[in-house]
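Comments concern the structure below.
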Amino acid sequence: MSGKADWATKDYYKELGVSKDATTDEIKKAYRRLARANHPDSNPGDTAKHEKFKSVAEAYDVIGEPAKRTEYDEIRSAPRFPTGGDGGFDVSDLFGQRGAGGGGFGDMFGDLFGGGRPRQARPQRGADVESSATISFEDAMDGVTISLRLTSDAPCPSCSGTGGKPGTKPHICMVCEGAGMVASTAGGAFTLNETCPACGGRQLVYDDPCPTCHGSGRGRSARSIQARIPGGVKDGQKIRLRGKGAPGENGGPAGDLFVHVKVTAHRLFGRKGDHLTLDVPVGFDEAALGADIKVPTLKHGPVTLKIPAGTPNGRTFRVRGKGAKKADGTNGDLLVTVEVQVPAVLDEAAREAVKAYREAMADKPLRSKLFEEA
Ligand SMILES: [Zn+2]
Ligand SMILES: [Zn+2]
Numbered sequence: 048m049s050g051k052a053d054w055a056t057k058d059y060y061k062e063l064g065v066s067k068d069a070t071t072d073e074i075k076k077a078y079r080r081l082a083r084a085n086h087p088d089s090n091p092g093d094t095a096k097h098e099k100f101k102s103v104a105e106a107y108d109v110i111g112e113p114a115k116r117t118e119y120d121e122i123r124s125a126p127r128f129p130t131g132g133d134g135g136f137d138v139s140d141l142f143g144q145r146g147a148g149g150g151g152f153g154d155m156f157g158d159l160f161g162g163g164r165p166r167q168a169r170p171q172r173g174a175d176v177e178s179s180a181t182i183s184f185e186d187a188m189d190g191v192t193i194s195l196r197l198t199s200d201a202p203c204p205s206c207s208g209t210g211g212k213p214g215t216k217p218h219i220c221m222v223c224e225g226a227g228m229v230a231s232t233a234g235g236a237f238t239l240n241e242t243c244p245a246c247g248g249r250q251l252v253y254d255d256p257c258p259t260c261h262g263s264g265r266g267r268s269a270r271s272i273q274a275r276i277p278g279g280v281k282d283g284q285k286i287r288l289r290g291k292g293a294p295g296e297n298g299g300p301a302g303d304l305f306v307h308v309k310v311t312a313h314r315l316f317g318r319k320g321d322h323l324t325l326d327v328p329v330g331f332d333e334a335a336l337g338a339d340i341k342v343p344t345l346k347h348g349p350v351t352l353k354i355p356a357g358t359p360n361g362r363t364f365r366v367r368g369k370g371a372k373k374a375d376g377t378n379g380d381l382l383v384t385v386e387v388q389v390p391a392v393l394d395e396a397a398r399e400a401v402k403a404y405r406e407a408m409a410d411k412p413l414r415s416k417l418f419e420e421a
């Protein structure tokens, strides 16, 4: 015979093939029938039947005695549900897939669900989670720590995913006898198992559904996490943050979080890979004669750029190390493209100067080449 330590893990009702609400008389009848059928004297050499005989005797020893039965029922019907809060991510948490700790619901009901799927606690990696974030151009350069709010399917917080009215006790689903699956009525040549329609595969049923989730057991959970976006991130890039996804089960590692990063445009600067780009207006005189011009950088204050004499419109100059941060910690460059400006309005002095220039260039017509072959 076994002690009370076994009670939580043994289903004596199932052993005797009776319902939890069976009368003492029904239990006695069931025991007698099973004891007779499995008695060692009538089954010599059949060890399976010997074992069954022992276990039905053990079961009857407990639930056949009203005082012991009451105590047994109390142990069995008082599962310590996880209280939620930090939010598991899978209802299966509730049904005994959580390995560490022990003593939870799963341990209590371990045998209850016997015969179905194996219920061993296997470490399982948490799911990968996707999210998106929009950050400023400057933050994309330096890197930034952002707060992300992630929502995911989680057990209903009111009933911890059981679907039952809080405070009420479940009983084993009588339709599937606690297996969660029933043979399909679709039939034909094959027997198919389908989720039990009465308990939805949950194996237990409640008389009153949870008022929050209306019996579905499902809820949404939200959590906030801090995520570090590394400097140099580009618009449209997906950042992988290891271990920031859904938590693992049974000591398995957490999944990863993928953050789809959008970077807002800057008023002046553009991005080209690890380089920054900047369009700078220059005067015709500066392009023609050459000039030292001051250009802004994003982070390092203005720098002086030498425009050589005879610089054509659209030429790009490179200012080293003033670009975006690269993965290796160094910086890309700032690419400065000159835009030669034509003044819309000239004052008198400027007009005279430009006229003088025209006269000086009279013998070097710009378009002569166009007509050489015509
Ligand atoms: Zn069922
Ligand atoms: Zn609920």
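Position one of the sequence shown corresponds to residue 48 (my numbering), numbered consecutively onward.
Cβ atoms here follow ideal geometry from the backbone N, Cα and C, with glycine treated the same way.
All of these numbers come straight from a predicted model, not from anything done at the bench.
State the beta-bridge partners of Arg270 as determined by DSSP. Note: Arg270 sits in a beta bridge opposite Leu197.
Could you tell me how far apart the beta carbons of Leu195 and Ile272 are, in whole angstroms, since I believe they sit closer than 8 angstroms? Contact between Leu195 and Ile272 holds, with the beta-carbon distance rounding to 5 angstroms and staying under 8 angstroms.
State the DSSP-derived secondary structure class of His261, mapped to helix, strand or coil. In the structure shown, His261 sits in coil (DSSP, three-state: anything other than H, G, I, E or B).
Alpha carbon to alpha carbon, how far is Ala69 from Ala84? Give it in angstroms, no decimals. Ala69 has its alpha-carbon roughly 21 angstroms from the corresponding atom of Ala84.
Heavy atom of ligand 2 less than 7 angstroms from the Cβ of Thr215, yes or no? No.
Every unbroken alpha helix (DSSP H) within the region 302-384, with a cutoff of 4 residues, ordered by chain: Listed in chain order, the complete alpha helix (DSSP H) runs (minimum 4 residues) inside the region 302-384 are 331-336.
With burial defined as no fewer than 16 other Cβ atoms inside 10 Å of the residue's Cβ, what is the status of Thr209: buried or exposed? When all chains shown are included, Thr209 counts as buried.
Can you tell which of Arg405, Glu333, Val350 and Gly279 has the C-alpha that lies nearest to the C-alpha of Lys373? Among Arg405, Glu333, Val350 and Gly279, the Cα nearest to that of Lys373 belongs to Gly279.
Pick from Ile340, Asp255, Gly247 and Ala55: whose alpha carbon is nearest that of Asp120? The residue from Ile340, Asp255, Gly247 and Ala55 with its alpha-carbon nearest to that of Asp120 is Ala55.
Does the region 347-362 come within contact of the region 399-414, defined as at least 3 CB pairs closer than 8 angstroms? Segments in contact, no.
Is the Cβ-Cβ distance between Gly298 and Arg172 less than 8 angstroms? No; because the gap between Cβ atoms is not below 8 angstroms, this pair is not in contact.
What's the gap between the Cα of Gly357 and the Cα of Asp339? Computed Cα separation, rounded: 13 angstroms.
Excluding five sequence neighbours on each side, which residues of the same chain lie with their C-beta closer than 8 angstroms to the C-beta of Ile276? Closer than 8 angstroms at the Cβ level, and outside the excluded window around Ile276, lie Ala180, Ile182, Asp186, Ala187, Gly190, Val191, Thr192, Ile193, Ile286, Val306 and Val308.
Quick check: the Cα distance between Glu118 and Ala106, rounded to an integer number of angstroms? Taking the straight line joining both Cα atoms gives about 13 angstroms.
How long is the line joining the alpha carbons of Lys212 and His322, rounded to whole angstroms? Straight-line Cα distance between these residues: approximately 60 angstroms.
Going by the C-beta, is Ala230 closer than 7 angstroms to any heavy atom of ligand 1? Ala230: no, Cβ never under 7 angstroms from ligand 1.
Residue list, Cβ distance to ligand 1 heavy atoms smaller than 5 angstroms: Any residue whose Cβ sits closer than 5 angstroms to a heavy atom of ligand 1 makes the list: Cys220, Val222, Cys223, Cys243, Ala245 and Cys246.
Taking any heavy atom of ligand 2 as the mark, which residues have a C-beta closer than 5 angstroms to it, listed down the chain? Those residues, listed in chain order, are Cys203, Ser205, Cys206, Cys257, Thr259 and Cys260.
Could you tell me how far apart the beta carbons of Leu382 and Lys281 are, in whole angstroms, since I believe they sit closer than 8 angstroms? The Cβ separation is near 15 angstroms, so there is no contact.
Taking just the CA atoms, how far does Ser268 sit from Met221? Taking the straight line joining both Cα atoms gives about 32 angstroms.
When the distance is taken between beta carbons, is Thr215 closer than 8 angstroms to Asp254? Contact check for Asp254 against Thr215 passes: the beta carbons are separated by less than 8 angstroms.
If you reduce the DSSP assignment to three classes, tell me which class Glu17 lands in. Shown here, the chain extends from 48 to 421; a query on residue 17 therefore has no answer.
For Tyr59, which residues in the same chain have their Cβ closer than 6 angstroms to its Cβ, ignoring the five residues on either side in sequence? Closer than 6 angstroms at the Cβ level, and outside the excluded window around Tyr59, lie Ala106, Val109 and Ile110.
Report the rounded CA-to-CA distance for Leu239 versus Lys75, giving the unit in angstroms. Rounded to whole angstroms, Leu239 to Lys75 spans 35 angstroms at the Cα level.
Of all the options Pro170, Pro244, Val401 and Thr311, which has the alpha carbon lying nearest to the alpha carbon of Val392? Of the candidates Pro170, Pro244, Val401 and Thr311, the one whose C-alpha sits nearest the C-alpha of Val392 is Val401.
I think Leu325 touches Leu315, with their Cβ atoms under 8 angstroms apart; what is that distance to the nearest whole Å? For Leu325 against Leu315, the beta-carbon gap comes to about 6 angstroms, under 8 angstroms, which counts as contact.
Which stretch, first to last residue, makes up the beta strand (DSSP E) that contains Ala174? First-last for Ala174: undefined, no H or E at that position.
Per DSSP, which residues does His218 bridge with? Please list them. Partner(s): Val252.
Which value, in whole angstroms, describes the spacing of the CA atoms of Val229 and Pro244? Taking the straight line from one Cα to the other gives about 8 angstroms.
Taking the alpha-carbon of Phe364 as reference, which of Val389, Ala334, Asp375 and Cys246 has the nearest alpha-carbon? When Val389, Ala334, Asp375 and Cys246 are compared, the shortest CA-CA separation from Phe364 is found for Ala334.
Can you give the Cα-Cα distance for Lys369 and Gly379, rounded to whole angstroms? In a straight line, the C-alpha of Lys369 is about 6 angstroms away from that of Gly379.
Opposing strand residues paired with Ile286 [DSSP bridges]: DSSP links Ile286 through a beta bridge to Val306.
C-alpha gap between Leu63 and Val176, whole angstroms: Those two C-alpha atoms are separated by around 46 angstroms.
Roughly how many angstroms lie between the CA atoms of Lys51 and Arg289, to the nearest whole one? Each residue's alpha carbon lies about 45 angstroms from the other.
Closer than 6 angstroms by C-beta to Cys206: which residues in its own chain qualify, once you throw out the five before and the five after it? Chain order, please. Excluding positions up to five away in sequence, the list reads Pro213 and Cys257.
Could you tell me if Ala397 is buried or exposed, where buried requires 16 or more neighbouring beta carbons within 10 angstroms of its beta carbon? By the neighbour-count definition (other C-beta atoms within 10 Å, threshold 16), Ala397 is an exposed residue.
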